[in-house]
Amino acid sequence: MSELSVVGKSVNRLDGLEKVTGKAVFCADITLPQMLHAKVLRSPHPHARIVSIDTSKAEQVPGVKYVATGKDAPNEMYGMVIRDQSVLAKEVVRFIGEPVAAVAADSIATAEEALELIKVEYEPLPAVFDQEIAMSPNPPSVLHPDYLSYPRRDWQPGDPRFNTGLPNAYFHFKIRRGDVEKGFEEADVVMENRFSTQKLHHAALEPHAMIARPEADGGLTVWSARQAIWRLHAELGLVFGIKPSKIRIIAPYIGGGFGCKISIGEEPLTVLLALKTGRPVKLVFTREEVFLHGGSRVPMIIYIKDGVKKDGTLVARQMKCILSSGAYEHDVGIITRNCAFGAVGTYNVPNFKFDSYGVYTNNPPSSALRGFGSTQTVWAIESHMDMIAEKLGMDAAELRRKNILKEGEPNATGEIVHSIGARECLDSIVDYLKLDKKPEMGGNWQIGKGISLGSKYSAAPNIASATVKLSKDGSITVYHSADEMGQGCNTVAAQVAAEEFGISVDNVRVVFADTLNCPFFPGSTSSRTTYFLGNAIRLASMQVKKRLYKLVAWRLGVSDEELEVKGGQIYVRQEPSKKMTIAQAFGAHRDTDGKLVQIDDLVGNDTWVQDYTPEDVETGQIDPRQAEQGKRLTAFYAHTAKGIEVAVNTETGEVKVLRCASANDMGQPINPKMCEQQIEGGMVMGIGGALYEEMQMVDGKVLNPNFTDYKVPTAAIAPSIENMSAIFASAPHKDGPFGAKGFGESSMVGMEPVIANAVYNAVGVRIKDLPITREKIWRELKKRAKQ
Amino acid sequence: MKQIVSFTINGTVAEVFVEPWRTLAEVLREELGLTGLKIGCDRGNCGTCTVIMDGKAVRSCLVLVPQAEGKKIVTIEGLSDNGRLHPLQEAFIERFAVQCGFCIPGMILSAKALLDENPNATEKDVRKALKGNLCRCTGYKKIVEAILDARDRMRSAK
Amino acid sequence: MKFDYLEPATIVEAVSLLKRYGDSARVLAGGTDLVARMKDGKISASYVINLGRIPGLDSIEQDAKGVRIGALTTINTLEKSAVLKSRYSAAAQVASQMASPGIRNMATVGGSLCSASPSGDIAPALIALDARVQLEGPAGSRELPLLEFFTGPWSTVLDVGEILVSIHLPEPHPSTGSAYLKYAGRENDLAIVGAGAAITIEDGICRSVRLALGAVAPTPIRAHRAEAFLEGKRIGEPEMVQAGNLAAEEAKPRQGSMRVDPEYRRSMVSVFVRRVIAAAIGHIRETA
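Shown next, in the form of structure tokens:
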């Protein structure tokens, strides 16, 4: 590959100036003429029949323009995989926080006043909160008796995996490779354990915000701080029966996503109010509402059984994962399938049996959260690897090395492995940690070190488009619909385009996240943006260049293939002195027929298509012949290793993070400083998930829906500058733009088990249920002291 | 019942006619269009609503607007001087301390209040002073680096 | 939240307004507690009476007998006070362990005490320093030990119309050291245990000691049995451990708390009482 001029450089972010001056516009900052404010009345019951709703008093409050209830809602349901949600609850509410009524008024205060006057009579129904109980054949509560009849987005037509035979389990994913029973027989050591993860909150600083405006032609414009605008575009069209071409979704800068802004949220009810009032309606969540209906990481129970040989070779692995979806599917159907990839990406497992279940429970709906199921499966696997290493008397890193997949061999779904930087990541972490050295630290502090390995795939199939416009002044405009939520996709887009045309990013403008002006993007989820958008921009740039060379070639007396464009000049590759500027190329001239030609700009649009081959519904394996031909189940895997040194206080159970490092394999960093941003952010989010954070639930109620009691890491908790390191590893991907892969999620994968491993190394306490709280450690230490 | 409240905002005197139960955060954003400050939790726990009032960083979501009577308030919009960025703003850009940007105005103002009071703040001082400004994107490392960089720039400018 | 907003210019005016409006009125000091709780619907008020314009309530003054802290003194002022740092160390230490600068710049000592949160920090720190509070009301002035100011979670002895105007800390004996240690989930979170100690040691013997605890009972408490145990003794590690254990027995942690397991909290009382006694003794050496 030739020397890169912009890609690989840490150019300043395009949005930095706007954001440090307060000029960057977020959705809640937008005001429109005639705008109304919405407030939502929410169910106080985890499961109940709505007997009656009386909105008469609320409607009479001066300034109230509309009070909507289930009877106003369309019959069409929406969702991510299973369309199981209604714009407003019709007959039944299924979680505490479910929208039951909504008010549009001239001020928030008026809307709140009206809300208090809505009288709802409920008949409470039995509820179920634990996913294992919910999954039984005779659970105390069945949330969606007719879920099989709901419309769905199947992975494969008539996908039988939705038909689980269990009333609350709506999806059952399976992988069957080899023969696990035989494998366990052959193993020298067999170990089984149960792990679990908590309900984790994204805690993106920006609460959800949306504005819906009805247009004169019967269409809609919706501004929403959300990821995946085209998903919303499709669902709104379906639910409200509006032609897609009349719907426009715009996402301004998003104040943090991490997956909380993917699922279709309360945009439909905001649209309902807008259509009923004929005016723009704005809804901004309170922080409490974000806890209730902003999604959460899926609480997962993981049963894992591993069989290994004396020398550490993994011969068999069996996993059963039970996912608490909450009251609606809300993206968890996909997580139920894809969490398996966390168990597939890293190690060679010749005999593998994997079962995962998506289960309805009367809890606030779970959703995507950075890692999309992989953080949870890796929590179990990487904890277990350390436990196995100890049992075998083997070095933890060596056990992992022994089993890492190799380039070119099939993984547990039959996909042929390509671009796996796991070994390099692991080696750099081991080097960083110096595992054989353990410092002393007085008082009651014991030091421990730990490592973990992990990966995060990016999903297939998918397509992503980009439009690139070359203007006569030589500047480029990129149009795309990826989500700028802090990860810097606009800067990446500009760098890729700048590289293609040999110009500075200062000459690139990016128009983003507007379905009217920007082509399709499936959403900045699945760590896909750099790979998918980067590729789409390169393809679109090629289209532009094709048209450009065609315009110029005959004028320079050469054929199209002989031309290059760089720094605003089109020139003959072998004879660079033969050239013209873009302005000259576009400027008025006569073609060979003497016709006058003049253009303003050249536009190219193209689509990156990530092909895939489907898995067998019974075995989760892809056809080996397809695999040999290079077809994959995923777009790519990005690999990571984490290393950490902690101090555990034996009196209080406190865990202090002394040093930590995250090695990430991203193929080719497009912007190294921006890559560090992700790595550092992922590390600290992982520390939160491991040690401090938990949505405390009792009978479907969130007890701590605020930042006092839901404890995210602060600047005082995060490790100091010199004690937090970002390490790059490189395993270029043949299909990635300049070899790049995305790693926004793998930056967090493995942080939780690495801390559990380090705590065990420090004080011999193994916590298997997240979070690793002081109380849990203290209780174990007390128990041990008694014995 | 509405009342007139008058205060200096970014060097200019402003007068608003609002109900006394409105918070300073709401009034600055909605009456004066100063949307740089954000409302992340509305309970004073996240710091995104931070403004500087009479030289001290305060949580504007917990300040009732009459409490601001006669005070001097600075928001993020008032930090740059005739288009010239404050060293903190420059440092935040150059040190890659900005990701989603939602915490940034509050973060910068808290940092400014710290450095104005303690021009020799250490990393430990910075982390202690900023513990009430939550950030979910960055892991804080580059934010702290940017603040220490700004400290150095401000010290050498004197 | 909706209310009439009033700004009395004097204490007498404030008292009169509070008496007139009774239960439907609330005092506004810094607002960081009041405004948050009003937003949560935990407090409702038809009248909010801002004491912030009354002069003379927001400073720390030394007098013949000790130090007087005005009720409207901000936590930030407490933190920065040179007077407190030297002789009333627990009072200076508590401030930096509370919340964050943005809160401390508005929150007041009086506001904190009057909100009477069971896990408040100011109360145990000042109780350890033998604080007395001065109240002004329709019936005149009265003063009482801070320990007796609290009647239960979120409630005080304040009668209708009464205002807390200042807190007095008596001048400590020359060989006294004090400290306040807070144990919380993250630094400066709500306390799991708040422990304040003031200890006077003469000729190597503990002459007097006050141990005050917050967050471990419905109100701030003194660990009297632990104090009685220490008085008259030479204090080494075993004595500190025993005092910690005695204090743990005196704690009455909230059962069924979402926040903290009561058994864990009790165990942490032993740890932090032990540590705060050592810190207070350490402070004597520093100032000697």
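Protein chains in written order, with my numbering: chain A, 307 to 1093; chain B, 10 to 167; chain C, 2 to 289. Ideal Cβ placement from N, Cα and C applies to all residues, glycine included. Owing to the predicted nature of the structure, the values given are computational and were not obtained by experimental measurement.
Would you please state the rounded distance, in angstroms, between the beta carbons of residue i and residue j? I believe it to be under 8 Å.
| i | j | result |
| --- | --- | --- |
| VAL84 of chain C | GLN98 of chain C | Going by Cβ atoms, the distance from VAL84 of chain C to GLN98 of chain C rounds to 19 Å, so no, they are not a contact pair. |
| CYS146 of chain B | THR57 of chain B | Not quite, the Cβ-Cβ distance comes to about 13 Å (not below 8 Å), so this is no contact. |
| LYS505 of chain A | GLU1081 of chain A | About 18 Å separates the two Cβ atoms, so there is no contact after all. |
| ILE402 of chain A | SER787 of chain A | Not quite, the Cβ-Cβ distance comes to about 34 Å (not below 8 Å), so this is no contact. |
| GLY178 of chain C | HIS284 of chain C | 3 Å |
| GLN904 of chain A | THR887 of chain A | Rounded, the Cβ-Cβ distance is 15 Å, inconsistent with contact. |
| SER680 of chain A | LYS762 of chain A | 5 Å |
For residue i, decide whether its Cβ has a neighbour in chain A, counting only Cβ atoms nearer than 8 Å.
| i | result |
| --- | --- |
| ALA272 of chain C | Per the sequence shown, residue 272 of chain C should be read as Val rather than Ala. At least one chain A Cβ lies under 8 Å of VAL272 of chain C. |
| MET269 of chain C | yes |
| LEU191 of chain C | yes |
| ARG145 of chain B | yes |
| MET39 of chain C | no |
| TYR265 of chain C | yes |
| ASP64 of chain C | no |
| GLU188 of chain C | yes |
Return yes when the Cβ of residue j is within less than 8 Å of the Cβ of residue i, no when it is not.
| i | j | result |
| --- | --- | --- |
| LEU71 of chain B | MET107 of chain C | yes |
| PHE1044 of chain A | LEU320 of chain A | no |
| PHE211 of chain C | ARG223 of chain C | A small correction: the amino acid at residue 211 of chain C is Arg; Phe does not occupy that position in the sequence shown. In contact: ARG211 of chain C and ARG223 of chain C (Cβ atoms closer than 8 Å). |
| ILE950 of chain A | ALA1035 of chain A | no |
| GLU404 of chain A | ARG348 of chain A | yes |
| GLY1020 of chain A | ARG187 of chain C | For the sequence presented, residue 1020 of chain A should be read as Thr rather than Gly. Cβ distance < 8 Å, so THR1020 of chain A and ARG187 of chain C count as in contact. |
| ILE13 of chain B | GLY322 of chain A | no |
| PRO75 of chain B | PRO29 of chain B | yes |
| ALA213 of chain C | LEU170 of chain C | no |
| HIS273 of chain A | ALA411 of chain A | With chain A covering only 307 through 1093, there is no way to say anything about residue 273 of chain A. |
| MET606 of chain A | THR503 of chain A | yes |
| ILE694 of chain A | GLN437 of chain A | no |
Tell me, please, whether the CB atom of residue i is closer than 8 Å to any CB atom in chain B?
| i | result |
| --- | --- |
| TYR559 of chain A | yes |
| LYS1092 of chain A | no |
| LEU323 of chain A | yes |
| SER101 of chain C | yes |
| ALA509 of chain A | yes |
| LEU165 of chain C | no |
Should residue i be flagged as near chain C, meaning a C-beta pair shorter than 8 Å?
| i | result |
| --- | --- |
| GLN504 of chain A | no |
| LYS65 of chain B | yes |
| ILE156 of chain B | no |
| ALA130 of chain B | no |
| SER119 of chain B | yes |
Please name the residue, chosen from the options, that lies closest to residue i on a Cα-to-Cα basis.
| i | options | result |
| --- | --- | --- |
| PRO574 of chain A | A:ARG593, A:ALA894, A:ARG537, A:VAL604 | A:ARG537 |
| GLU934 of chain A | A:ILE388, A:ILE722, A:THR683, A:LEU472 | A:ILE722 |
| GLU232 of chain C | C:VAL272, C:MET269, C:GLY215, C:ILE278 | C:ILE278 |
| LYS549 of chain A | A:GLY563, A:GLY565, A:GLY525, A:ALA531 | A:GLY525 |
| ASP158 of chain B | B:LEU139, B:ASN129, B:ALA34 | B:ASN129 |
| ALA772 of chain A | A:THR821, A:PRO745, A:GLU746 | A:THR821 |
| ILE123 of chain C | C:ALA96, C:MET269, C:GLY245, C:SER156 | C:ALA96 |
On the CB-based measure, 16 or more other CB atoms within 10 Å of its CB, does residue i come out buried or exposed?
| i | result |
| --- | --- |
| VAL326 of chain A | buried |
| GLN880 of chain A | exposed |
| LYS137 of chain B | buried |
| THR592 of chain A | buried |
| MET1054 of chain A | buried |
| TRP529 of chain A | buried |
| LYS942 of chain A | Reading off the sequence, residue 942 of chain A comes out as Phe, not Lys. Result: buried. |
| ILE61 of chain C | buried |
For the ligand SAH, I want to know if residue i counts as a neighbour, meaning its beta carbon is within less than 7 Å of at least one of the ligand's heavy atoms.
| i | result |
| --- | --- |
| ASP617 of chain A | As far as ligands go, the structure on display features none, and thus does not contain the ligand SAH. |
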